[in-house]
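Peer 1:
In the numbering used here, the protein residues as written are 1 to 109.
(1) When the Cα atoms are used, what is the spatial distance from residue 68 to residue 24?
(2) Flag this pair as touching only if the region 34 to 41 and the region 51 to 60 have three or more C-beta atom pairs under 8 angstroms; answer yes or no.
(3) Starting from the C-beta of residue 73, find all residues in its chain whose C-beta is less than 7 angstroms away, skip the five residues before and the five after it, and write them out in chain order.
(4) On a Cα-Cα basis, can you pick out the residue from 65, 45 and 82 that is closest to residue 93?
(5) One question on the structure: do residue 47 and residue 65 come within less than 8 angstroms of each other, judged by their Cβ atoms?
(6) Which whole-angstrom value is the C-beta distance of residue 86 and residue 76, which I expect to be below 8 angstroms?
(7) I need the DSSP call for residue 25, collapsed to helix, strand or coil.
(8) For the alpha helix (DSSP H) containing residue 91, list its first residue and its last residue.
(9) Pick helix, strand or coil for residue 103, following the three-state DSSP scheme.
(10) Could you have a look at residue 30 and say whether DSSP puts it in helix, strand or coil?
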């Protein structure tokens, strides 16, 4: 009578051909990119919040709004690439203002 090891100890074809290694590297890059985009969103929102009407013009505020909306748009796209489809938690966590959300995906001339 022979005894064979459990199937969970058996190496799969994916382990042998390197797919797991590649998938691991891709997931790592996605996560790293998501983190970088998150930092850009934080910086853009901080600059927008630091705007004051006494020292800066309305045009500067428009530029800050556009920069923030571009950063948030890129962040949301990266989240979707990582499989996160619902952005409500990110909006709440980062405190993204409605005026930034209203500009998402807008094409400016």
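For glycine and all other residues, C-beta sits at the position ideal for the given N, C-alpha and C.
Peer 2: Result, derived from the coordinates:
(1) For the purposes of this step, residue 68 is taken as residue 68 along the chain shown, with counting starting at 1. For the purposes of this step, residue 24 is taken as residue 24 along the chain shown, with counting starting at 1. Going from the Cα of residue 68 to the Cα of residue 24 covers about 31 angstroms.
(2) no
(3) Position 73 of the chain shown, counted from the start, is the residue given in the question as residue 73. Taken in chain order, the residues that qualify are 104 and 105.
(4) On the chain shown, position 93 is the one that residue 93 refers to. That would be 45, whose Cα lies nearest to the Cα of residue 93.
(5) Stepping through the chain shown from its first residue, residue 47 is reached at position 47. Stepping through the chain shown from its first residue, residue 65 is reached at position 65. No, Cβ-Cβ distance for residue 47 and residue 65 is not below 8 angstroms.
(6) What you label residue 86 is simply residue 86 of the chain shown in a count that begins at 1. What you label residue 76 is simply residue 76 of the chain shown in a count that begins at 1. Wrong, their Cβ atoms sit about 10 angstroms apart, outside the cutoff.
(7) Here residue 25 corresponds to residue number 25 of the chain shown, with the count starting at 1. For residue 25, the secondary structure class from DSSP, reduced to helix, strand or coil, is helix.
(8) By 1-based counting over the chain shown, the position of residue 91 is 91. Here the alpha helix (DSSP H) through residue 91 covers 88 to 94.
(9) Sequence index remark: in the chain shown, residue 103 carries index 103 (1-based). Of the three classes helix, strand and coil, the one that applies to residue 103 here is coil, per DSSP.
(10) Locating residue 30 in the chain shown gives position 30, counting from the first residue. Note: residue 30 maps to helix in three-state DSSP.
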